[in-house]
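Working notes, structure below.
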Amino acid sequence: MNTYRYSGNIKSGLFILGIILIIGLLTYTRQLIDELRHDNREIVRLYAEIIANTVQDENDTNLDFVFDNIIRKVQFPIIQTDPLHVPQMWKNLPESIQNNTQRIKFMTTMDELNEPIPLIYNDETINAFTFGYLHYGDSTLVHKLQWWTYIELIAITGFILLGFIGFTFIRNNEKRHIWIGMARETAHQLGTPVSALLGWVDWLKEHPEKTLELIPEMKADLKRLEQIGRRFSKMGSEPEMEEFDLSERVTRVVNYLKMRLPTLGKKVELLNDIYPGIMITANGSLLAWSIENIIRNGIDAIDRNDGMITISLKKEGNGVNIQIKDNGRGIPKKDWKNIFRPGFSTKKSGWGLGLSLSMRIVQDIHKGRLQIRESTMNKGTIFEIIL
Numbered sequence: 003m004n005t006y007r008y009s010g011n012i013k014s015g016l017f018i019l020g021i022i023l024i025i026g027l028l029t030y031t032r033q034l035i036d037e038l039r040h041d042n043r044e045i046v047r048l049y050a051e052i053i054a055n056t057v058q059d060e061n062d063t064n065l066d067f068v069f070d071n072i073i074r075k076v077q078f079p080i081i082q083t084d085p086l087h088v089p090q091m092w093k094n095l096p097e098s099i100q101n102n103t104q105r106i107k108f109m110t111t112m113d114e115l116n117e118p119i120p121l122i123y124n125d126e127t128i129n130a131f132t133f134g135y136l137h138y139g140d141s142t143l144v145h146k147l148q149w150w151t152y153i154e155l156i157a158i159t160g161f162i163l164l165g166f167i168g169f170t171f172i173r174n175n176e177k178r179h180i181w182i183g184m185a186r187e188t189a190h191q192l193g194t195p196v197s198a199l200l201g202w203v204d205w206l207k208e209h210p211e212k213t214l215e216l217i218p219e220m221k222a223d224l225k226r227l228e229q230i231g232r233r234f235s236k237m238g239s240e241p242e243m244e245e246f247d248l249s250e251r252v253t254r255v256v257n258y259l260k261m262r263l264p265t266l267g268k269k270v271e272l273l274n275d276i277y278p279g280i281m282i283t284a285n286g287s288l289l290a291w292s293i294e295n296i297i298r299n300g301i302d303a304i305d306r307n308d309g310m311i312t313i314s315l316k317k318e319g320n321g322v323n324i325q326i327k328d329n330g331r332g333i334p335k336k337d338w339k340n341i342f343r344p345g346f347s348t349k350k351s352g353w354g355l356g357l358s359l360s361m362r363i364v365q366d367i368h369k370g371r372l373q374i375r376e377s378t379m380n381k382g383t384i385f386e387i388i389l
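Residue numbering for the sequence shown follows our numbering, starting at 3 and increasing by one per position.
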């Protein structure tokens, strides 16, 4: 219940976390880009010093060598201009740029990102003066990093959106399935006592003289209806624990179902192998419900005329071992865990809630263990409860 109560806070928290992740990603990417630009600027500054020192030589061959063998090896666009910012040499410009007008326009774009570095001639005989500039842009790596950031953001946003839509669909589908399943489970629980009562009424019409004999059975069915209502009304609340005779409680469940097997349309024999006098502290109503669900599951799994279900109960050390063995269709090995998941069923008309409820009652409420001990196709299954 607390999960649903605070679901709005959980969603808000996840949304804020997503915003923080996106901001963190953008900040980190911006930091990387700034570092790469700083490295490029240091490289260009070094080139400017080399060019300035080379200009002092009388021979222009050294200047050509510097540009051809050093400047041309850079991995980012660079333009050397005169003091009036007229391009003189360039490297790594887009192929679409063919004239000076386009170069100047492209150079202006580069200057918005990176401030040009002046080429300063410095000699002891004359005052220092600027004889040109080096204009440079971002490297291919920086561009790829910028584009990759946007691709990541789009991918993350799309993934979150798709996940939200998917989980919402799954959640709504599960809620719808559970509501329908609970309705079917309620009808399934009510079916036995209601069918029995209808059967007793028909029997009384034919044999009114046996009214006194049937009153105890009819009371048992009415008590079962009351018990079913009490079970469902307490779902979601904290179960109350009590000390009781588990042997007597399980025997009562077996005897009740044994008397009403004809109303279920099954020729199945229920065998009682219950060790008497086993006391336990638990919720008797819920525990009996889980055992009844497993027995009913075994009854539904039997398609033969010589159906047989054996219910055994015995002490094992400090614990209790309950086994329900049937000779029904069996369960494939791959489904041994799936059958305890809500909504999973191997029956055409099943809604997969009976065994999942039993699992919750045994493991979540009573901290026990419910498992399939053994199952062979077309030979039967053994369910085991360890408390």
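No residue lacks a Cβ here, since even glycine has one placed at the ideal position from N, Cα and C.
The region 91-102 and the region 146-159 do not touch, with fewer than three beta-carbon pairs separated by less than 8 Å. The DSSP-derived three-state label of residue 140 is coil. Exposure of residue 22 is indicated by the presence of fewer than 16 other C-beta atoms within 10 angstroms of its C-beta. In this structure residue 134 is buried. Its beta-carbon is surrounded by 16 or more other beta-carbon atoms within 10 angstroms. The beta carbon of residue 108 is closer than 6 Å to those of 99 in its chain, skipping five residues each way along the sequence. The DSSP assignment places complete alpha helix (DSSP H) segments of no fewer than 4 residues inside the region 93-171 at 102-115, in order along the chain.
Residue pairing by DSSP places residue 311 opposite 272 and 328 in a beta bridge. Assigned with DSSP and collapsed to three states, residue 306 falls in coil, not helix or strand. With fewer than 16 other beta carbons inside 10 angstroms of its own, residue 88 counts as exposed.
One alpha carbon belongs to residue 164, the other to residue 34, and they sit about 30 Å apart.
For residue 91, DSSP records a beta bridge to 82. About 6 Å separates the CB atoms of residue 136 and residue 49; that is less than 8 Å, so the two are in contact. Separation of residue 130 and residue 122 (C-alpha to C-alpha, rounded to the nearest whole angstrom) is 7 Å. Contact between the region 269-278 and the region 307-324 is present: three or more C-beta pairs spanning the two stretches fall below 8 Å.
Comparing alpha carbon positions, the residue from 325, 105, 243 and 28 closest to residue 371 is 325. In this structure residue 39 touches residue 116 by the C-beta definition: roughly 6 Å separates them, less than 8 Å. For residue 356, the enclosing alpha helix (DSSP H) stretches over residues 356-361.
The Cβ neighbour count for residue 342, taken over all protein chains shown within 10 Å, is at least 16; the residue is labelled buried.
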